[in-house]
Structure formats: structure tokens, C-alpha cells
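Engineer: So that you can map any letter, position 242 of the sequence shown is 884 in this note's numbering, and since no number is skipped, the others follow by simple counting. Got a structure for you, questions after.
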Amino acid sequence: MKRSTLEFLCCPGCQAALSLSNEFGEKAVYRGELYCSHCERSFLIKNGVAHFIHPRELEGLNRQFARSYNWFSHVYALFTKVAFLPFGGERRARKEILNRLELNSGRILEVSIGSGENLPYLFESPGVGEVYGLDISAGQLARCNSFITKRGWPVELFLGTAEALPFKSDSFDSVLHIGGINFFSSKKKAIEEMIRVARPKSKIVIADESERLAKLLYRIPGFMHSNKGNEVDTTMPSQLVPETMEEIRVDGIWKAHGQYHGYCLEFRKPS
Ligand SMILES: C[S@@+](CC[C@H](N)C(=O)[O-])C[C@H]1O[C@@H](n2cnc3c(N)ncnc32)[C@H](O)[C@@H]1O
Numbered sequence: 643m644k645r646s647t648l649e650f651l652c653c654p655g656c657q658a659a660l661s662l663s664n665e666f667g668e669k670a671v672y673r674g675e676l677y678c679s680h681c682e683r684s685f686l687i688k689n690g691v692a693h694f695i696h697p698r699e700l701e702g703l704n705r706q707f708a709r710s711y712n713w714f715s716h717v718y719a720l721f722t723k724v725a726f727l728p729f730g731g732e733r734r735a736r737k738e739i740l741n742r743l744e745l746n747s748g749r750i751l752e753v754s755i756g757s758g759e760n761l762p763y764l765f766e767s768p769g770v771g772e773v774y775g776l777d778i779s780a781g782q783l784a785r786c787n788s789f790i791t792k793r794g795w796p797v798e799l800f801l802g803t804a805e806a807l808p809f810k811s812d813s814f815d816s817v818l819h820i821g822g823i824n825f826f827s828s829k830k831k832a833i834e835e836m837i838r839v840a841r842p843k844s845k846i847v848i849a850d851e852s853e854r855l856a857k858l859l860y861r862i863p864g865f866m867h868s869n870k871g872n873e874v875d876t877t878m879p880s881q882l883v884p885e886t887m888e889e890i891r892v893d894g895i896w897k898a899h900g901q902y903h904g905y906c907l908e909f910r911k912p913s
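So this is what it looks like as C-alpha cells:
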């Protein structure tokens with residue numbers, strides 16, 4: 643983690659500033675501890691990645707998905723390549739969403755970065771600036787970390803939840819999320835957080851599978867194994883976007899056999 647990143651990090655619980663101690667590393671912090679003097683919590687930095695959650699503290703769907711993505715991370719890159727074949731392949735399926743970002747060499751945050759499968763497409767854009775990625779799964783982040791190290795891309799990673807982002811308000815020039823929100827513990831909090839950390843006038847782009855596909859996934863035995871039969875709201879979350887947002891737009895994406903299998907929800911934070 644770059645030392646300059648500390649300037650826009652905050653406690654995910656109370657949003658107070660954090661102080662760094664016990665650090666190791668010169669230009670970047672490789673190991674260390676972030677401390678919130680307001681709520682007296684501390685967060686470890688391991689291998690340059692700040693850990694803002696402890697998996698044992700997670701509840702509900704977040705607990706389940708953090709665990710399942712830890713093992714799924716081993717095959718996730720291959721899985722997405724195969725899953726996107728019906729929609730014209732991975733490049734096309736991802737660019738359908740990424741082309742909506744307005745990259746202006748500023749800071750971009752990918753909420754739920756996973757193993758970093760959007761990064762090759764982000765880094766081929768001349769407008770890409772500093773990239774920051776957060777995910778709830780340590781397994782996904784470990785894959786992502788080795789991917790960015792191999793490619794030499796300047797990406798900073800954080801272990802945390804979309805519902806409590808460890809960043810100060812108005813920190814990012816673009817916010818992106820693909821593929822997780824349908825099954826977040828709280829879509830509402832996640833959208834509020836993406837809006838909070840985005841700078842005024844910046845664009846927020848959120849995409850996931852369609853409600854029909856999400857319902858099918860939900861019925862796969864084992865997919866929701868710890869949900870104990872509770873219904874999960876798989877509706878597309880456009881109603882959770884506050885009316886104060888500008889240029890709100892929803893499009894069908896990932897079309898195959900005459901049907902859209904995903905949605906892309908985009909809007910701009912007002913100035
Ligand atoms: C289908 S993957 C998408 C990964 C990546 N965005 C992509 O386009 O390939 C969903 C990701 O959401 C993450 N995730 C699930 N719940 C989350 C939460 N509450 N907060 C942050 N990330 C979460 C999972 O760990 C997983 O990496």
C-alpha cells in the first residue's frame with residue numbers, strides 16, 4: 643500500500659481518520675497496523691493489503707460469499723471466460739460495461755474486484771489512472787495480487803465489504819461494480835457507500851446478472867446453502883438509487899438468444 647493512500651483511508655465503522663504504526667516497507671507499506679482512535683479498532687496490513695474485516699465477524703450472505711469465493715477463486719478466471727462465451731466472449735461482455743466509465747486519469751475504485759478480471763481492459767484504456775480494488779474474499783484478493791504483480795500494474799487492494807467502505811467521502815473519480823451486488827447482505831448500504839466515496843460529478847457504474855438469472859442461481863442446490871430457506875431479494879436495485887442522482891439509466895446487457903442476461907445501472911453523483 644502506498645503511503646499516500648493513507649490520506650483517503652478511513653475507519654469503515656465510524657469513518658474517522660486512521661493512523662499507521664508498526665509499519666514495514668520503504669516507499670510502500672508492506673506490513674503494518676492502521677488504528678482508529680475513535681472506535682479503538684485496528685486493522686492489519688499484510689502483503690501490502692489492508693484488511694478491514696475479519697472473516698469471523700461477517701454475517702449472513704456476506705459470510706457465505708466470502709467463504710465460497712475463497713475456494714471459487716482457484717477457478718474463477720476460467721469460469722468467467724466460459725460463462726461469457728454465449729455473450730460474444732469475455733472481452734465483449736466486460737467492455738459492454740467498462741465503456742460506460744469516464745476515465746480521466748483519476749482514481750478509479752472497483753468494488754468487488756475479485757481476481758482482477760476487469761484489469762486488462764481497464765489498463766488498455768489511455769484514460770486509466772490509479773486503480774483501487776476492494777473485495778470481501780481474501781482468496782480472490784490473493785489471486786488478484788499475484789496477477790497485478792506479474793503484470794506490474796499499479797493497483798492497491800483492500801479486504802473489506804461493499805457495505806462499509808474504508809475510504810473517505812468524495813475520494814474517487816469513477817466507481818465500478820460488476821457481478822456481486824445481487825447477493826450482497828445489503829444492496830442499499832452498498833449503493834449508499836459507492837455514492838459517498840465518489841467525487842461530485844463522477845460516474846458510478848453497477849452491473850450484475852438479470853433478475854431471472856439471479857433467481858435461477860439462487861435455486862441451484864448448495865448456492866445458498868447457509869441461507870436456511872430465506873428469500874433473497876434478487877430484484878435489480880435501481881429503486882435504491884436516490885432521486886437526487888443525475889443521469890440515472892438502466893440498460894439490458896449480455897444479450898443471447900434474444901434476451902438480456904444482465905443489467906447495467908449507471909448514474910452521476912451531483913455536483
Ligand atoms: C462474480 S464476482 C465478480 C468479480 C469481478 N468484479 C469481475 O467482474 O469478475 C463477485 C465478487 O463479489 C465479491 N463480494 C461478494 N459479496 C461482497 C461484499 N459484500 N462486499 C464486497 N465484495 C463482495 C466476491 O468475493 C467476488 O469476488
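The beta carbon of each residue, even a glycine, is placed where N, CA and C say it ideally should be. Remember, predicted model here, so these are calculated numbers, not experimental data.
1) Compute the Euclidean distance between the alpha carbons of residue 877 and residue 824, then round it to the nearest angstrom.
2) What residue ranges within the segment 672 to 742 form continuous alpha helix (DSSP H) runs of no fewer than 4 residues, ordered along the chain?
3) For residue 843 and residue 744, I'd like the C-alpha separation in whole angstroms.
4) Return the residue from the list 800, 762, 703 that minimises the CA-CA distance to residue 732.
5) Do residue 820 and residue 846 come within 9 Å of each other at the CB atom, strictly closer than that value?
6) Suppose only complete runs of 3+ residues qualify. What are the beta strand (DSSP E) ranges in the segment 782 to 840, listed by chain order?
7) How is the alpha helix (DSSP H) around residue 856 delimited, first residue to last?
8) Could you give the distance in angstroms between the alpha-carbon of residue 678 and the alpha-carbon of residue 750?
9) Which residues mark the beginning and the end of the alpha helix (DSSP H) in which residue 765 is found?
10) For the segment 850 to 859 against the segment 826 to 835, are there 3 or more C-beta pairs whose distance is under 8 Å?
11) Run through the DSSP bridge pairs and tell me what residue 775 is partnered with.
12) Looking only at its own chain, which residues have a Cβ that is under 7 Å from the Cβ of residue 767, when we skip the five neighbours before and after it?
13) Between which residues of its own chain and residue 723 is the CB-CB distance below 7 Å, once the five residues before and five after are set aside?
14) Report the three-state DSSP secondary structure of residue 880 (helix, strand or coil).
15) Flag this pair as yes or no: are the beta carbons of residue 690 and residue 760 separated by less than 9 Å?
16) From the DSSP secondary-structure annotation, give me the bridge partner or partners of residue 906.
17) Determine, using beta carbons only, whether residue 782 and residue 711 come nearer to each other than 9 Å.
18) Using DSSP's beta-bridge definition, name the partner residues of residue 662.
19) Secondary structure at residue 648, three-state DSSP: helix, strand or coil?
20) Find out if the Cβ-Cβ distance for the pair residue 771, residue 758 is shorter than 9 Å.
21) Under the assumption that residue 656 contacts residue 681 (Cβ atoms under 8 Å), give the Cβ distance between them as a whole number of angstroms.
22) With a cut-off of 8 Å on the beta carbons, I'd call residue 800 and residue 694 a contact; round off their distance for me.
Structural biologist: To lay it out plainly:
1) Position 235 of the sequence shown, counted from the start, is the residue given in the question as residue 877. Position 182 of the sequence shown, counted from the start, is the residue given in the question as residue 824. Taking the straight line from one Cα to the other gives about 8 Å.
2) 702 to 714, 718 to 725, 732 to 740
3) Working through the sequence shown from its first residue, we reach residue 843 at position 201. Working through the sequence shown from its first residue, we reach residue 744 at position 102. One alpha carbon belongs to residue 843, the other to residue 744, and they sit about 11 Å apart.
4) Against the sequence shown, residue 732 aligns to sequence position 90. Measuring from the Cα of residue 732, the nearest candidate turns out to be 762.
5) Locating residue 846 in the sequence shown gives position 204, where the first residue counts as 1. Locating residue 820 in the sequence shown gives position 178, where the first residue counts as 1. Not a contact, by the Cβ cut-off of 9 Å.
6) 797 to 801, 814 to 820
7) In the sequence shown, the residue the question calls residue 856 occupies position 214. Run containing residue 856: 853 to 861, per the alpha helix (DSSP H) assignment.
8) Position 36 of the sequence shown, counted from the start, is the residue given in the question as residue 678. Position 108 of the sequence shown, counted from the start, is the residue given in the question as residue 750. Residue 678 and residue 750: Cα-Cα distance of roughly 25 Å.
9) As a first step, residue 765 is located in the sequence shown; it is residue number 123 there, counting from the start. Run containing residue 765: 761 to 765, per the alpha helix (DSSP H) assignment.
10) no
11) As a working note, residue 775 is residue 133 in the sequence shown. 752, 799, per the DSSP bridge assignment.
12) Here residue 767 refers to the residue found at position 125 when the sequence shown is read from its first residue. Hits under 7 Å: 745.
13) For the purposes of this step, residue 723 is identified with residue 81 of the sequence shown, where counting begins at 1. So the qualifying residues of the chain are 732.
14) Residue numbering aside, residue 880 sits at position 238 when the sequence shown is read from its first letter. DSSP, reduced to helix, strand and coil, places residue 880 within a helical segment of the structure shown.
15) As a position in the sequence shown, residue 690 is number 48, starting the count at 1. As a position in the sequence shown, residue 760 is number 118, starting the count at 1. It is not a contact, given that the beta carbons lie outside the stated cut-off.
16) Counting from one through the sequence shown, the residue named residue 906 turns up at place 264. In the DSSP output, where bridge partners are listed per residue, residue 906 has 849, 893.
17) As a first step, residue 782 is located in the sequence shown; it is residue number 140 there, counting from the start. As a first step, residue 711 is located in the sequence shown; it is residue number 69 there, counting from the start. Judged by their CB atoms, residue 782 and residue 711 are nearer to each other than the 9 Å cut-off.
18) As a first step, residue 662 is located in the sequence shown; it is residue number 20 there, counting from the start. Note: residue 662 sits in a beta bridge opposite 676.
19) In the sequence shown, the residue the question calls residue 648 occupies position 6. Here residue 648 sits in helix by DSSP.
20) Locating residue 771 in the sequence shown gives position 129, where the first residue counts as 1. Locating residue 758 in the sequence shown gives position 116, where the first residue counts as 1. Cβ atoms of residue 771 and residue 758: not closer than 9 Å.
21) In the sequence shown, the residue the question calls residue 656 occupies position 14. In the sequence shown, the residue the question calls residue 681 occupies position 39. Indeed they touch by this definition, with Cβ atoms about 5 Å apart.
22) In the sequence shown, residue 800 corresponds to position 158, counting from 1. In the sequence shown, residue 694 corresponds to position 52, counting from 1. Contact holds; Cβ gap of about 6 Å.
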